[in-house]
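Asker: This is the structure, below, for whatever I ask next.
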Amino acid sequence: MEAQSLSAYVDINAPLVERCRLNDRQAQAEIYRRYSKAMFNAALRITGDYAEAEDVLQESFLSAFRELSGYKGDSSFGAWLKRIVVNKSINCLRQRRLALVPLGEQHHDEPAEAAAHSPEDEADTHYRADVLRRCIQELPDGYRVVLSLYLLEGYDHLEIAGILGISESTSKSQYSRARVRLRELAAQRGLS
Numbered sequence: 210m211e212a213q214s215l216s217a218y219v220d221i222n223a224p225l226v227e228r229c230r231l232n233d234r235q236a237q238a239e240i241y242r243r244y245s246k247a248m249f250n251a252a253l254r255i256t257g258d259y260a261e262a263e264d265v266l267q268e269s270f271l272s273a274f275r276e277l278s279g280y281k282g283d284s285s286f287g288a289w290l291k292r293i294v295v296n297k298s299i300n301c302l303r304q305r306r307l308a309l310v311p312l313g314e315q316h317h318d319e320p321a322e323a324a325a326h327s328p329e330d331e332a333d334t335h336y337r338a339d340v341l342r343r344c345i346q347e348l349p350d351g352y353r354v355v356l357s358l359y360l361l362e363g364y365d366h367l368e369i370a371g372i373l374g375i376s377e378s379t380s381k382s383q384y385s386r387a388r389v390r391l392r393e394l395a396a397q398r399g400l401s
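For the sequence shown, the numbering used here assigns the number 210 to the initial residue and increments by one for each residue that follows.
What follows is the structure, encoded as structure tokens:
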């Protein structure tokens, strides 16, 4: 019994995934229903384009269902699928000739973040979130991708460097510059 408690990660979706391996269309539809919204949002944050994010989503699910033999169950199915979505989103950007904003010779350290103040009401929160989302979409591709991967998708700079084929210091610099530019855009729209 002790050996069972030390076993590898068990995905709660394992039975559903096994049915997908057998080309069970109902199981595939259920997996899609469970994951499509989150995966679409990840693709949209990276590509910055609704139509491209929809394409990435469809291609990602098709690839996932075709390549289920590559899923070994050592992480959650959602994490495995998210990696496919991120890679396809990055490839989509590369097809648009993703060009990271060139590094300047000077590096500017940012002041520590001030404590966030709570919004006065729910409508204000929704408005501010919507403005911030639009500001993120306005960032140059390189800034937006690094910011999204780090801040919203939870990758560290070493992982981002590997995904994008850049150095870790470039990832850190792009993230820092993205935050500065995002603050500027937000300030222009009345957010402080």
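A virtual CB, placed ideally from N, CA and C, is assigned to each residue, including glycine.
DSSP three-state call for aspartate 258: helix, strand or coil?
Answerer: coil
Asker: Does the beta-carbon distance from leucine 253 to leucine 341 come in below 8 Å?
Answerer: no
Asker: By alpha-carbon positions, which one of Leu361, Asn232, Arg398, Asp350 ends up nearest to glutamine 304?
Answerer: The residue with the shortest Cα to Cα distance from glutamine 304 is Asp350.
Asker: In whole angstroms, give me the CA-to-CA distance for valine 226 and alanine 251.
Answerer: 21 Å
Asker: With C-beta atoms as the reference, is leucine 348 less than 8 Å away from leucine 360?
Answerer: Cβ distance not < 8 Å, so leucine 348 and leucine 360 don't count as in contact.
Asker: Evaluate contact between the region 284–296 and the region 243–250, counting only Cβ atoms and requiring at least three cross-stretch pairs below 8 Å.
Answerer: yes
Asker: With DSSP run on the structure shown, which of helix, strand or coil describes asparagine 300?
Answerer: helix
Asker: Using a 10 Å radius around the Cβ and a threshold of 16 neighbouring Cβ atoms, would you call proline 320 buried or exposed?
Answerer: With a pLDDT of only 41 at proline 320, under 50, the local geometry of the prediction cannot be trusted, and no value is derived from it.
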